[in-house]
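*Asks:* Provided herewith is a single structure, encoded as structure tokens, for subsequent inquiry.
Protein chains: 2
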Amino acid sequence: MYIDINKVTTISSLGGGPIGAGWAAHFLSKGFKVKSYIHDIEEKSSYETIIKTAWKSLKEMGLHEEASLKNLTISSSLEEVLHETHFVQESIPEILELKSNFYKILGELLPEQIIIASSTSGLTMTEIQKLCGTPERTVIGHPFNPPYLLPLVEIVGGKKTAASTIDWAFSFYQSAGKKPLAMKKEIPGFVATRLQEALWREALHMVAAGEATPEQIDTALINGPAPRMAVQGQCMAFHVACGSGGMATNLDQFGPALKLPWTRLKAPELTDSLRNQMVEGCETMSKGKGFEEMARQRDKSIVAILNAIKDSR
Amino acid sequence: MYIDINKVTTISSLGGGPIGAGWAAHFLSKGFKVKSYIHDIEEKSSYETIIKTAWKSLKEMGLHEEASLKNLTISSSLEEVLHETHFVQESIPEILELKSNFYKILGELLPEQIIIASSTSGLTMTEIQKLCGTPERTVIGHPFNPPYLLPLVEIVGGKKTAASTIDWAFSFYQSAGKKPLAMKKEIPGFVATRLQEALWREALHMVAAGEATPEQIDTALINGPAPRMAVQGQCMAFHVACGSGGMATNLDQFGPALKLPWTRLKAPELTDSLRNQMVEGCETMSKGKGFEEMARQRDKSIVAILNAIKDSR
Numbered sequence: 002m003y004i005d006i007n008k009v010t011t012i013s014s015l016g017g018g019p020i021g022a023g024w025a026a027h028f029l030s031k032g033f034k035v036k037s038y039i040h041d042i043e044e045k046s047s048y049e050t051i052i053k054t055a056w057k058s059l060k061e062m063g064l065h066e067e068a069s070l071k072n073l074t075i076s077s078s079l080e081e082v083l084h085e086t087h088f089v090q091e092s093i094p095e096i097l098e099l100k101s102n103f104y105k106i107l108g109e110l111l112p113e114q115i116i117i118a119s120s121t122s123g124l125t126m127t128e129i130q131k132l133c134g135t136p137e138r139t140v141i142g143h144p145f146n147p148p149y150l151l152p153l154v155e156i157v158g159g160k161k162t163a164a165s166t167i168d169w170a171f172s173f174y175q176s177a178g179k180k181p182l183a184m185k186k187e188i189p190g191f192v193a194t195r196l197q198e199a200l201w202r203e204a205l206h207m208v209a210a211g212e213a214t215p216e217q218i219d220t221a222l223i224n225g226p227a228p229r230m231a232v233q234g235q236c237m238a239f240h241v242a243c244g245s246g247g248m249a250t251n252l253d254q255f256g257p258a259l260k261l262p263w264t265r266l267k268a269p270e271l272t273d274s275l276r277n278q279m280v281e282g283c284e285t286m287s288k289g290k291g292f293e294e295m296a297r298q299r300d301k302s303i304v305a306i307l308n309a310i311k312d313s314r
Numbered sequence: 002m003y004i005d006i007n008k009v010t011t012i013s014s015l016g017g018g019p020i021g022a023g024w025a026a027h028f029l030s031k032g033f034k035v036k037s038y039i040h041d042i043e044e045k046s047s048y049e050t051i052i053k054t055a056w057k058s059l060k061e062m063g064l065h066e067e068a069s070l071k072n073l074t075i076s077s078s079l080e081e082v083l084h085e086t087h088f089v090q091e092s093i094p095e096i097l098e099l100k101s102n103f104y105k106i107l108g109e110l111l112p113e114q115i116i117i118a119s120s121t122s123g124l125t126m127t128e129i130q131k132l133c134g135t136p137e138r139t140v141i142g143h144p145f146n147p148p149y150l151l152p153l154v155e156i157v158g159g160k161k162t163a164a165s166t167i168d169w170a171f172s173f174y175q176s177a178g179k180k181p182l183a184m185k186k187e188i189p190g191f192v193a194t195r196l197q198e199a200l201w202r203e204a205l206h207m208v209a210a211g212e213a214t215p216e217q218i219d220t221a222l223i224n225g226p227a228p229r230m231a232v233q234g235q236c237m238a239f240h241v242a243c244g245s246g247g248m249a250t251n252l253d254q255f256g257p258a259l260k261l262p263w264t265r266l267k268a269p270e271l272t273d274s275l276r277n278q279m280v281e282g283c284e285t286m287s288k289g290k291g292f293e294e295m296a297r298q299r300d301k302s303i304v305a306i307l308n309a310i311k312d313s314r
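Protein sequence lines, in the order shown, are assigned to chains R and C.
One point on numbering: in the working numbering, the residue at position 105 of the first sequence is 106, and numbering is uninterrupted.
One point on numbering: in the working numbering, the residue at position 97 of the second sequence is 98, and numbering is uninterrupted.
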């Protein structure tokens, strides 16, 4: 039904802000032709500046052999930008009325086999796709800022999104050098933003209560959990820290700590089902490796990170 | 009153677990003599294994010219370990009764000019120091696991801790290659653990509600916020992401998003005072740099991180 992923060579990036430009830079670096739509042609020079800045980093990451800034065209004609495109990444402003009307137009202009993905972070696809005549092929593909560097793309459909659209988007982003995550439910904030937002709100509470300054919060993160979290997510960090007992030990022994006032967020009830889901998830991620091996791998990566950014800290 | 920091050459690390051994490894790598106390001499070989594992990473980080594993002695005689020491880092089990009795003994055995720091993560110094005859020189110096790699040490005193003790500990940890943070208030979880715990509880809620799997949570963190957070804490990440308007734009424009259900943790009231503290904190951290410069620096560091750990991801 949808276009063969291996035949995607041309991508339309819609929206003139840092997210639209960031996506354009990413796809260019992977060797795609990119046709960018900006609402106002006056924004062209600031758009190009973002691309050029991103390009420095993308070169340091390693470009695809066919990657070139010459593969970019910028236009304020939507028809022109959508002509003969193979995939659409939409990053226009986060205003529901604007977006849902835009999807109505996209639905009319684009052949049905072309997937339309939205970068939205605050809206749901169920809301966005309401006026679209072909909502089955619309899906959220939410990047993390800066989108040309951070690999995460959170994928989630709306009520009318076809399951095959989600599969296609997952495979496509993966083939385009991203790390996709297909969500199980349509919830506000997706996965990464929810986790970050919990941390952020606790940070604001601490500043409001005179418990820490913004500088202390950043010092704590940069020098504490963050370098480890770039290597092991919070689940695996606790799994490996608890030795051979792993996540089971963490939850069985330290479960009562969830009741302690270590954050303003109350913990869920630690049911058997939750315990087992956490334990099984960590065992799957361990891929049969022992904790010593995983701890050593963690340490090597933390050392590599700290050494890599030593001069900038 | 306290010993001259430049004259500290011998450190006692008390406690036979991974934290005690991790501290010993850290101080050894910085060229100190370390006298380790383990409760049960049977634990000596597992203690040495932790040190040896840590040493591999510490070598990759770069050792002090006088650093040597020969500078380590391990004993189960507390008197022997405390004899002629210049600083005590205590990491015995997190049981209040055990710990407060231990501080009573430490108070009797150690000359008054020797600072005693506790690695505790779950207890307060006000509780720990209760039975100690010389509580003024006792303080918390809480590391982040693994303590031989992550630079953060959170410092906070109890009700009876002298201000000069906190100053001494701050300067000492700094001179010993750590990144200390002197807390403003004695609160459970300190700074880093509170932030991490908020994120962790949101993660557990999401798994419990069927919104995400443990694997998805770790995928989201590793490929999304974490590599950036190792470079910029959450405050500076938002400050730089909002362009020239910085944190002020973030709070003034996106403040209403704090009310959205993007996490189960309710946000504090965004008062003028909180807004201004956040803005001023970020301006201080910016040190006069423009956002383009900070964004480019962020990107360079993220590239360095992603390239450094490419093979292990």
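A virtual CB, placed ideally from N, CA and C, is assigned to each residue, including glycine.
Which residues in chain C sit within 7 Å of residue 208(R), going by Cβ to Cβ distance?
*Replies:* The residue you call residue 208(R) lines up with position 207 of the first sequence. Ordered by position in chain C, the residues that pass the 7 Å Cβ test against residue 208(R) are 275, 278, 279.
*Asks:* Tell me whether residue 242(C) sits in a helix, a strand or coil according to DSSP, three-state version.
*Replies:* Looking up residue 242(C) in the second sequence gives position 241. Helix at residue 242(C).
*Asks:* What is the rounded straight-line gap between the Cα of residue 55(R) and the Cα of residue 313(R)?
*Replies:* Walking along the first sequence from the start, residue 55(R) turns up at place 54. Walking along the first sequence from the start, residue 313(R) turns up at place 312. So the two alpha carbons sit approximately 19 Å from each other.
*Asks:* Can you say whether residue 2(C) is buried or exposed, counting buried as having 16 or more other CB atoms within 10 angstroms of its CB?
*Replies:* For the purposes of this step, residue 2(C) is taken as the residue at position 1 of the second sequence. Exposed, since its Cβ has fewer than 16 Cβ neighbours within 10 Å.
*Asks:* Looking at C-alpha atoms only, which residue of 261(R), 53(R), 131(R) is the closest neighbour of residue 199(C)?
*Replies:* The residue given as residue 199(C) occupies position 198 in the second sequence. Considering only alpha carbons, the answer is 261(R).
*Asks:* Distance check for residue 216(C) and residue 11(R), CA to CA, integer angstroms please.
*Replies:* Taking the first sequence and counting its residues from 1, the one referred to as residue 11(R) is at position 10. Taking the second sequence and counting its residues from 1, the one referred to as residue 216(C) is at position 215. Near 32 Å, if we compare the C-alpha coordinates of residue 216(C) and residue 11(R).
*Asks:* Along the chain, where does the alpha helix (DSSP H) containing residue 309(C) start, and where does it finish?
*Replies:* Here residue 309(C) refers to the residue found at position 308 of the second sequence. Start and end: 292-309.
*Asks:* Report yes or no: is there a C-beta of chain C within less than 9 Å of the C-beta of residue 44(R)?
*Replies:* On the first sequence, residue 44(R) is found 43 positions in, with the first residue counted as 1. Closer than 9 Å: no.
*Asks:* Round the Cβ separation of residue 308(R) and residue 286(C) to the nearest angstrom and send it over; I've been treating them as touching at under 8 Å.
*Replies:* Translated into the one-based positions of the first sequence, residue 308(R) becomes position 307. Translated into the one-based positions of the second sequence, residue 286(C) becomes position 285. At roughly 23 Å, the Cβ-Cβ gap does not stay under 8 Å, so residue 308(R) and residue 286(C) are not in contact.
*Asks:* Are there 16 or more other CB atoms within 10 angstroms of the CB of residue 255(R), so buried, or fewer, so exposed?
*Replies:* As a working note, residue 255(R) is residue 254 in the first sequence. It is exposed - the Cβ of residue 255(R) has fewer than 16 other Cβ atoms within 10 Å.
*Asks:* Please state the DSSP three-state secondary structure of residue 100(R).
*Replies:* For the purposes of this step, residue 100(R) is taken as the residue at position 99 of the first sequence. Helix.
*Asks:* Reducing DSSP to helix, strand and coil, say where residue 171(C) ends up.
*Replies:* Here residue 171(C) corresponds to residue number 170 of the second sequence, with the count starting at 1. Note: residue 171(C) maps to helix in three-state DSSP.
*Asks:* Reducing DSSP to helix, strand and coil, say where residue 220(R) ends up.
*Replies:* Start at 1 with the first residue of the first sequence, and residue 220(R) comes out as number 219. Helix, per DSSP.
*Asks:* Note down, in chain order, each residue of its chain lying with its Cβ closer than 6 Å to the Cβ of residue 176(R), except the 5 sequence neighbours on either side.
*Replies:* One-based indexing of the first sequence puts residue 176(R) at position 175. Result list for residue 176(R): 6, in chain order.
*Asks:* One question on the structure: do residue 149(R) and residue 26(R) come within less than 9 Å of each other, judged by their Cβ atoms?
*Replies:* Locating residue 149(R) in the first sequence gives position 148, where the first residue counts as 1. Locating residue 26(R) in the first sequence gives position 25, where the first residue counts as 1. For residue 149(R) and residue 26(R), yes; Cβs fall inside 9 Å.
*Asks:* Could one say the Cβ of residue 253(R) lies closer than 9 Å to chain D's Cβ atoms, at least one of them?
*Replies:* Absent here is chain D; the protein component of the structure consists of chains R and C.
*Asks:* Please list the partners that residue 186(C) has in chain R, where partner means a Cβ-to-Cβ separation under 7 Å.
*Replies:* The residue given as residue 186(C) occupies position 185 in the second sequence. Neighbours of residue 186(C) on chain R, chain order: 211, 212.
*Asks:* Are there three or more Cβ pairs, one per stretch, closer than 8 Å when the region 142-159 of chain C is compared with the region 216-231 of chain R?
*Replies:* Enough Cβ pairs lie closer than 8 Å, so yes.
*Asks:* Of all Cβ atoms in chain R, is any one closer than 9 Å to the Cβ of residue 120(C)?
*Replies:* In the second sequence, residue 120(C) corresponds to position 119, counting from 1. For residue 120(C), the answer is no, since every Cβ of chain R falls outside 9 Å of its Cβ.
*Asks:* Contact between the region 228-243 of chain C and the region 291-311 of chain C is defined here as three or more beta-carbon pairs at a separation below 8 Å; is this criterion met?
*Replies:* Contact holds: three or more Cβ-Cβ distances are below 8 Å.
*Asks:* Excluding sequence positions up to five away, which residues of its chain have a Cβ less than 8 Å from the Cβ of residue 35(C)?
*Replies:* Position 34 of the second sequence, counting from 1, holds the residue named residue 35(C). Cβ neighbours of residue 35(C) beyond the five flanking positions: 11, 12, 13, 14, 25, 28, 29, 72, 73, 74.
*Asks:* By the 8 Å beta-carbon criterion, what residues does the region 129-162 of chain R contribute toward chain C?
*Replies:* Answer in chain order: 145, 146, 147, 150, 151, 152, 153, 155.
*Asks:* State the DSSP-derived secondary structure class of residue 140(C), mapped to helix, strand or coil.
*Replies:* The count along the second sequence starts at 1 and reaches residue 140(C) at position 139. It is a strand residue.
*Asks:* Return yes when the Cβ of residue 137(C) is within less than 9 Å of the Cβ of residue 162(C), no when it is not.
*Replies:* Along the second sequence, one-based indexing puts residue 162(C) at 161. Along the second sequence, one-based indexing puts residue 137(C) at 136. Yes. Within cutoff.
*Asks:* Is there at least one Cβ from chain R nearer than 9 Å to residue 64(C)'s Cβ?
*Replies:* For the purposes of this step, residue 64(C) is identified with residue 63 of the second sequence, where counting begins at 1. So no, residue 64(C) is outside the interface.
*Asks:* Report the neighbours of residue 24(C) on chain R: residues whose CB is nearer than 7 Å to its CB, in chain order.
*Replies:* Residue mapping note: residue 24(C) aligns to position 23 of the second sequence, counting from 1. Simply none; closest approach about 15 Å.
*Asks:* To the nearest angstrom, report how far apart residue 212(C) and residue 281(R) are at their CA atoms.
*Replies:* Reading the second sequence from its first residue, position 211 is the one you call residue 212(C). Reading the first sequence from its first residue, position 280 is the one you call residue 281(R). Computed Cα separation, rounded: 16 Å.
*Asks:* On the DSSP bridge assignment, give the partners of residue 11(R) in chain order.
*Replies:* Your numbering for residue 11(R) matches position 10 in the first sequence. Per DSSP, 34(R).
*Asks:* Report the neighbours of residue 198(R) on chain C: residues whose CB is nearer than 7 Å to its CB, in chain order.
*Replies:* Here residue 198(R) corresponds to residue number 197 of the first sequence, with the count starting at 1. Near residue 198(R) (Cβ distances below 7 Å), the residues of chain C are 263, 264.
*Asks:* Could you give the first and the last residue of the continuous alpha helix (DSSP H) run that contains residue 249(R)?
*Replies:* Here residue 249(R) corresponds to residue number 248 of the first sequence, with the count starting at 1. 247-255 is the extent of the alpha helix (DSSP H) around residue 249(R).
*Asks:* Do residue 267(C) and residue 276(R) have their CB atoms nearer than 9 Å?
*Replies:* In the second sequence, the residue the question calls residue 267(C) occupies position 266. In the first sequence, the residue the question calls residue 276(R) occupies position 275. The answer is no: Cβ separation not under 9 Å.
*Asks:* Suppose you measure from the CA of residue 59(C) to the CA of residue 191(C); what does that come to, to the nearest Å?
*Replies:* What you label residue 59(C) is simply residue 58 of the second sequence in a count that begins at 1. What you label residue 191(C) is simply residue 190 of the second sequence in a count that begins at 1. Cα to Cα, residue 59(C) sits roughly 26 Å from residue 191(C).
*Asks:* I'd like to confirm the pairing. Which residues does DSSP put opposite residue 74(C) in its beta bridges?
*Replies:* Translated into positions along the second sequence, residue 74(C) becomes position 73. In DSSP, residue 74(C) forms a bridge with 36(C).
*Asks:* Give the straight-line distance between the Cα atoms of residue 81(C) and residue 160(C), rounded to the nearest whole angstrom.
*Replies:* Here residue 81(C) is taken as the residue at index 80 of the second sequence, counted from 1. Here residue 160(C) is taken as the residue at index 159 of the second sequence, counted from 1. Rounded to whole angstroms, residue 81(C) to residue 160(C) spans 30 Å at the Cα level.
*Asks:* With a threshold of 9 Å between beta carbons, is residue 112(R) in contact with chain C?
*Replies:* Taking the first residue of the first sequence as 1, we reach residue 112(R) at position 111. Cβ-Cβ to chain C under 9 Å: no for residue 112(R).
*Asks:* List, in chain order, every chain R residue whose beta-carbon is nearer than 8 Å to that of residue 169(C).
*Replies:* Locating residue 169(C) in the second sequence gives position 168, counting from the first residue. Ordered by position in chain R, no residue passes the 8 Å Cβ test against residue 169(C), which lies about 19 Å from the chain.
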